[in-house]
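Peer 1:
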Ligand code: SF4
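In the working numbering, the protein residues as written are 791 to 1053.
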């Protein structure tokens, strides 16, 4: 592909590479190779990847056989070629649907990530980006090689962070303007503020305009860390109803990988 960036001189901070069943949102149930990068600019209260938050060198693990949870230990950062090889090794062992580039927040390392996603896409491994939607320029850097974007819209009443809504709106608009198939995930907690949710849904409605393929997935939080309880079924019903009154494509999908006890 023309315009492919040259291989990064410095490597990627990686947490782990493994094969698993996608448990969330639009690609739920598909088998994916997960490339989990280290480092995130946020600290959401419900984050279930605390070991992937610090952007620093250290050990990382690469699954040896797809789905086996047996690991090869390596030192991160890993060179771009090594990252692509670790993903391709699993891809070839089991038929996979796609590669999930996740974290942490992958776009913290957008410049170094670009040649890796380019190599994966060029080798026939379509890439889905999971992102917190706070690095608009990072998205622009990797967008040419993405097949899908899964964007978390953050609600302060749930995650405890103070993410700027205007930044997230710009991110979503940029993804859609780039022609990327994009969906939005919103995590719901017991204390979800209805007004925050409605404003997030309005953001989607503004950006989606006439497109009928921008779905919203409401994801009741799975208790983890300092988050001790999920929202009640009654509350989830009420929140979905509020969302549906403003935008037609709103589904509720809990984390299914946790329901089956998967990594
Ligand atoms: S954005 Fe994602 S990886 Fe970062 S703290 Fe929040 S949930 Fe964790």
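Each residue gets a CB set at the ideal place from its N, CA and C atoms; glycine is no exception.
Just to confirm, does residue 895 get its C-beta within under 8 angstroms of one of the non-hydrogen atoms of ligand 1?
Peer 2: Residue 895 Cβ: within cutoff of ligand 1.
Peer 1: On the DSSP bridge assignment, give the partners of residue 993 in chain order.
Peer 2: None, per the DSSP bridge assignment.
Peer 1: Does the beta-carbon of residue 951, which I'm using as the reference point, lie nearer than 8 angstroms to any heavy atom of ligand 1?
Peer 2: Under cutoff, so the answer is yes.
Peer 1: Use the C-beta contact count for residue 929: other C-beta atoms within 10 angstroms, 16 or more gives buried, fewer gives exposed.
Peer 2: Flag for residue 929 reads buried.
Peer 1: On the DSSP bridge list, what partners appear for residue 1010?
Peer 2: According to DSSP, residue 1010 bridges with 978.
Peer 1: For residue 814, is the classification buried or exposed, using 16 other Cβ atoms within 10 angstroms of its Cβ as the cut-off for buried?
Peer 2: Counting Cβ neighbours within 10 Å, residue 814 comes out buried, since at least 16 surround it.
Peer 1: Contact defined as beta carbons within less than 8 angstroms: I believe residue 818 pairs with residue 971. What is the distance between those atoms, to the nearest angstrom?
Peer 2: No, residue 818 and residue 971 are not in contact; Cβ-Cβ is about 15 angstroms, not under 8 angstroms.
Peer 1: Along the chain, where does the alpha helix (DSSP H) that runs through residue 1033 open and close?
Peer 2: Where residue 1033 is concerned, the enclosing alpha helix (DSSP H) stretches over 1023-1034.
Peer 1: Take residue 860 and list the residues in its own chain whose beta-carbon comes closer than 8 angstroms to its own, dropping the five residues that flank it on each side.
Peer 2: The answer, listed in chain order, is 853, 854.
Peer 1: Please state the DSSP three-state secondary structure of residue 748.
Peer 2: An answer regarding residue 748 cannot be provided, because it is not within the stretch 791 to 1053 covered by the chain.
Peer 1: Return yes when the Cβ of residue 1026 is within less than 9 angstroms of the Cβ of residue 1038, no when it is not.
Peer 2: Against a cut-off of 9 angstroms, the Cβ pair of residue 1026 and residue 1038 comes out as no contact.
Peer 1: Measure the C-alpha to C-alpha separation of residue 947 and residue 985 and round it to an integer number of angstroms.
Peer 2: C-alpha separation (whole angstroms): 10 angstroms.
Peer 1: Considering only the beta carbon of each residue, do residue 977 and residue 834 sit closer than 9 angstroms?
Peer 2: Contact: yes.
Peer 1: Quick one: using the 10 Å Cβ neighbour count with 16 as the cut-off for buried, is residue 886 buried or exposed?
Peer 2: With 16 or more other Cβ atoms within 10 Å, it is buried.
Peer 1: Is the separation between the beta-carbon of residue 932 and that of residue 963 shorter than 9 angstroms?
Peer 2: No, the Cβ-Cβ distance between residue 932 and residue 963 is not below 9 angstroms.
Peer 1: Beta-carbon within less than 8 angstroms of residue 1029's beta-carbon, same chain only, minus the 5 sequence neighbours each way: which residues are those?
Peer 2: Around residue 1029: 978, 982, 984, 987, 1008, 1021.
Peer 1: Using a beta-carbon distance below 9 angstroms, is residue 979 in contact with chain C?
Peer 2: Looking for chain C here will not work: only one protein chain is present.
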